[in-house]
Amino acid sequence: MKINILFFAGIREMFGFHEKSIEIEESKNSPEKLLKFLSEKDQGSWVKLLNSKDSVRVAINQEVSDWSDSLKDGDELAFFPPITGG
Amino acid sequence: MKINILFFAGIREMFGFHEKSIEIEESKNSPEKLLKFLSEKDQGSWVKLLNSKDSVRVAINQEVSDWSDSLKDGDELAFFPPITGG
Amino acid sequence: MTICIQKKLFNIEKIISNLRKNKPTIGAIVSFIGYVRDYNKDINTKKLKQMDLEYYPGMTEKALTKIEISAKSRWVLEDVYIIHRVGKLFPNEPIVAVIVASQHRKNAFEACEFIIDFLKTDAPFWKKEISDQDELWVENRIEDHQKKTSWNIKND
Amino acid sequence: MTICIQKKLFNIEKIISNLRKNKPTIGAIVSFIGYVRDYNKDINTKKLKQMDLEYYPGMTEKALTKIEISAKSRWVLEDVYIIHRVGKLFPNEPIVAVIVASQHRKNAFEACEFIIDFLKTDAPFWKKEISDQDELWVENRIEDHQKKTSWNIKND
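Protein chains in written order, with numbering that gives the first Met the number 0: chain A, 0 to 85; chain B, 0 to 85; chain C, 0 to 155; chain D, 0 to 155.
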């Protein structure tokens, strides 16, 4: 399945890009499973993201979500730090 | 003693003037005593003011006061309806 | 701390920008603006043409100053600006603005509401509504007194 | 109900006057404005030069709409206008304004505070402070989450 991943603020800077589209097998159907898989496969910033998971928020299709919520083909997945607007 | 009396809003319109300076004997040393005396002496609007006393506010020297508070020579006494600003 | 009683219209953007020029550390501003509505509160068949606002020069300023001082004793505030129009006002024009600046927004919200609540009961202003049918002095509202009293229960 | 996410400065007087043009029955307007302060919150030796405001196009608008709808379900309101700046901001410039119009001022005060409290925790914006010494993403404040949570206790 295809997942479009977005990164914001400090996480965007850590990765060096804002957006990444990936093709991934159906079994990686939650933000947590997907992040674990990518940190093993591609290392680098994915490992750092996994290690700071407690202070990272996820959104699926622009809705704040849990790490265990399900992902499906075509979803937009975002990783970002806690909100500091206003 | 000399008392400068001010009238506001509906009370000013009832009297037809905004201000009246009076010379009065020392014994009329509260808004209540003064109003009773003037309503007997001059009648007219003073009687109406006395009759609607419960919905009239008094201020002595620009401080909200009671009908029984004491008046002294040179004081500014104001009669006005309840406040409706803002 | 500024109190303005004036006939002319005011511009809230200009007031705020002047306020901030003097105190660039201000982080939060809460403001309340009250308007002349184009109908009479109780009788909707009448069309409001004009509102006359009378005040007690001297006492009104003192009463507003007292309210400001009271607010500043309850909350940590950077600045307070009260502006109230008098004379002839027309429908849709602003009557009053209360602008409160503070470091923490909660203080500004509470103090701004406190000031307008007390202004409505303690500052000598009187409104007369001139409609296409008659001229009537506005009666005061019991709710305004209840709002004022609620502050004593909560804070004293 | 309007949501504006924009780079340029805004004029609160103009926003309010446009708001009132559409709804002349509005009697009370409460507004909150937040500013970029000219120093860093925690380390006062640093001088803030610039603030970068990032957001999540699409999700931010949805989150703000959800907050507005939630406020409108709790209070009777005439109109709500939320404006938040993004991109490069400089000290003393406004960041955000929440403008709430209602018939009764109490509703406007409560709804305005509710909206800014939830905006601070639920709308995806991120601030980066660029000082004369370094560039740091602002950490979120525990107090903001406490303020948000207090609404649930009071109102749910």
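Ideal Cβ positions, reconstructed from N, Cα and C, are used throughout, including at glycine. Note that the structure is predicted; figures quoted are calculated from it, not measured.
Rounded to whole angstroms, what is the Cα-Cα separation between Asp155/C and Arg84/C? The residue labelled residue 155/C in the question sits at position 156 within the third sequence. The residue labelled residue 84/C in the question sits at position 85 within the third sequence. In this predicted model, Asp155/C has a pLDDT of only 40, less than 50, meaning its place in the structure is not dependable; the value taken from the coordinates is given anyway. Near 31 Å, if we compare the C-alpha coordinates of Arg84/C and Asp155/C.
Taking only beta carbons into account, state which residues of the segment 49-75 of chain D come closer than 7 Å to chain A, listed in chain order. Glu53, Tyr55, Gly57, Met58 and Lys61
What first and last residue would you give for the beta strand (DSSP E) that runs through Glu22/A? In the first sequence, residue 22/A corresponds to position 23, counting from 1. Per DSSP, Glu22/A belongs to the beta strand (DSSP E) from Glu18 to Glu22.
Taking CB distances under 8 Å as the criterion, tell me whether Gly33/D reaches chain C. Here residue 33/D refers to the residue found at position 34 when the fourth sequence is read from its first residue. For Gly33/D, the answer is yes, since a Cβ of chain C falls inside 8 Å of its Cβ.
Specify the secondary structure class of Ala122/D as computed by DSSP and reduced to three states. Residue mapping note: residue 122/D aligns to position 123 of the fourth sequence, counting from 1. Ala122/D falls in the coil class under three-state DSSP.
Could you check the C-alpha separation between Pro123/D and Lys46/D for me, to the nearest Å? The count along the fourth sequence starts at 1 and reaches residue 123/D at position 124. The count along the fourth sequence starts at 1 and reaches residue 46/D at position 47. Taking the straight line joining both Cα atoms gives about 26 Å.
Is there a C-beta anywhere in chain D that falls below 8 Å from the one on Phe113/C? Working through the third sequence from its first residue, we reach residue 113/C at position 114. For Phe113/C, the answer is no, since every Cβ of chain D falls outside 8 Å of its Cβ.
Residue interval of the alpha helix (DSSP H) (run including Pro30/A): Translated into positions along the first sequence, residue 30/A becomes position 31. Its alpha helix (DSSP H) spans residues Pro30 to Lys40.
Local Cβ density within 10 Å of Thr166/C, reported as buried at 16 or more and exposed below that: Given that chain C is displayed from residue 0 to residue 155, the structure contains no residue 166/C and the question cannot be resolved.
Ile82/A and Asn139/D - do their beta-carbons sit closer together than 8 Å? Translated into positions along the fourth sequence, residue 139/D becomes position 140. Translated into positions along the first sequence, residue 82/A becomes position 83. Yes, they are a contact pair.
Cutoff 8 Å: Asn151/D Cβ touching any chain C Cβ: Indexing the fourth sequence from 1 puts residue 151/D at position 152. No - not a single Cβ of chain C is within 8 Å of the one on Asn151/D.
Three or more C-beta pairs below 8 Å linking the segment 127-139 of chain D and the segment 59-66 of chain C: no
Give the straight-line distance between the Cα atoms of Ser44/A and Val79/C, rounded to the nearest whole angstrom. Against the first sequence, residue 44/A aligns to sequence position 45. Against the third sequence, residue 79/C aligns to sequence position 80. Approximately 49 Å, taken between the alpha carbons.
Kindly indicate which residue of Pro93/C, Lys20/C, Phe31/C and Lys65/C has the alpha-carbon position closest to the one of Asp37/C. In the third sequence, residue 37/C corresponds to position 38, counting from 1. Residue Pro93/C is the option with its Cα nearest to Asp37/C.
From Phe79/A, Leu33/A and His17/A, pick the residue whose C-alpha is nearest to that of Val63/A; which is it? For the purposes of this step, residue 63/A is identified with residue 64 of the first sequence, where counting begins at 1. If we check each option's Cα against that of Val63/A, Phe79/A comes out closest.
Is it the case that the Cβ atoms of Glu75/B and Asn28/B are separated by a distance below 8 Å? Your numbering for residue 75/B matches position 76 in the second sequence. Your numbering for residue 28/B matches position 29 in the second sequence. Taking 8 Å as the Cβ cut-off, Glu75/B and Asn28/B do not qualify as a contacting pair.
What residues of chain C sit near Ile15/D, judged by a beta carbon separation below 8 Å? Here residue 15/D is taken as the residue at index 16 of the fourth sequence, counted from 1. Correct list: Ile11 and Ile32.
Are the Cβ atoms of Asp95/C and Gly33/C separated by less than 8 Å? Indexing the third sequence from 1 puts residue 95/C at position 96. Indexing the third sequence from 1 puts residue 33/C at position 34. Looking at the sequence itself, residue 95/C is Val, so the reference to Asp does not match. Yes, the pair counts as a contact, with Cβ atoms nearer than the cut-off.
Straight-line Cα distance separating Ala100/D from Ala107/D: For the purposes of this step, residue 107/D is taken as the residue at position 108 of the fourth sequence. For the purposes of this step, residue 100/D is taken as the residue at position 101 of the fourth sequence. So the alpha carbons of these two residues sit roughly 6 Å apart.
Check whether chain C comes within 8 Å of Ile82/B, counting only Cβ atoms and requiring the distance to be less than that. The count along the second sequence starts at 1 and reaches residue 82/B at position 83. Answer yes: the Cβ-Cβ gap between Ile82/B and chain C drops below 8 Å somewhere.
Residues near Trp136/C by beta carbon distance below 6 Å, same chain, minus five either side: Counting from 1 along the third sequence, the entry for residue 136/C is found at position 137. Closer than 6 Å at the Cβ level, and outside the excluded window around Trp136/C, lie Lys127.
Going by other Cβ atoms of all chains shown within 10 Å of its Cβ, with 16 needed for buried, is Met0/C buried or exposed? The residue you call residue 0/C lines up with position 1 of the third sequence. Met0/C should be labelled exposed.
Here's the rule: buried if 16 or more other CB atoms are within 10 angstroms of the residue's CB, otherwise exposed. What is Lys146/D? The residue given as residue 146/D occupies position 147 in the fourth sequence. Flag for Lys146/D reads buried.
Three-way DSSP call (helix, strand, coil) for Leu63/D in this model: Here residue 63/D is taken as the residue at index 64 of the fourth sequence, counted from 1. Leu63/D: helix per DSSP, three-state reduction.
Proximity of Leu34/B and His17/B at Cβ, strictly below 8 Å: Locating residue 34/B in the second sequence gives position 35, counting from the first residue. Locating residue 17/B in the second sequence gives position 18, counting from the first residue. Against a cut-off of 8 Å, the Cβ pair of His17/B and Leu34/B comes out as no contact.
So the candidates are Ile115/C, Pro56/C, Leu18/C and Ile141/C; which of them puts its Cα closest to the Cα of Ser69/C? Translated into positions along the third sequence, residue 69/C becomes position 70. Among Ile115/C, Pro56/C, Leu18/C and Ile141/C, the Cα nearest to that of Ser69/C belongs to Ile115/C.
Nearest CA to the CA of Ile81/C: which residue from Ala110/C, Arg104/C, Gly26/C and Arg73/C? Taking the third sequence and counting its residues from 1, one reaches residue 81/C at position 82. Comparing Cα positions, the closest option is Ala110/C.
Could you give the C-beta distance for Val46/A and Ala77/A, rounded to a whole number, given that I count them as a contact under 8 Å? For this step, residue 46/A is matched to residue 47 along the first sequence. For this step, residue 77/A is matched to residue 78 along the first sequence. About 19 Å separates the two Cβ atoms, so there is no contact after all.
What is the rounded straight-line gap between the Cα of Leu18/D and the Cα of Gly73/A? As a working note, residue 18/D is residue 19 in the fourth sequence. As a working note, residue 73/A is residue 74 in the first sequence. Their backbone Cα atoms lie some 39 Å apart in a straight line.
Pull the bridge partners of Glu128/C from the DSSP assignment, please. The residue given as residue 128/C occupies position 129 in the third sequence. In DSSP, Glu128/C forms a bridge with Met50/C and Leu135/C.
Let me know the secondary structure DSSP gives Asn21/D once reduced to three states. Taking the first residue of the fourth sequence as position 1, residue 21/D is located at position 22. Three-state result, Asn21/D: helix.
Give me the chain C residues within the contact set of Phe108/D, using Cβ-Cβ distance strictly less than 7 Å, ordered along the chain. Taking the fourth sequence and counting its residues from 1, one reaches residue 108/D at position 109. Near Phe108/D (Cβ distances below 7 Å), the residues of chain C are Phe108 and Glu112.
Just curious, the beta strand (DSSP E) that Glu75/B is in, first and last residue? Along the second sequence, read from residue 1 onward, the residue named residue 75/B stands at position 76. Residues Glu75 to Phe79.
Ile66/D to Phe113/D, Cα distance in whole Å? On the fourth sequence, residue 66/D is found 67 positions in, with the first residue counted as 1. On the fourth sequence, residue 113/D is found 114 positions in, with the first residue counted as 1. Answer to the nearest angstrom: the Cα atoms are 9 Å apart.
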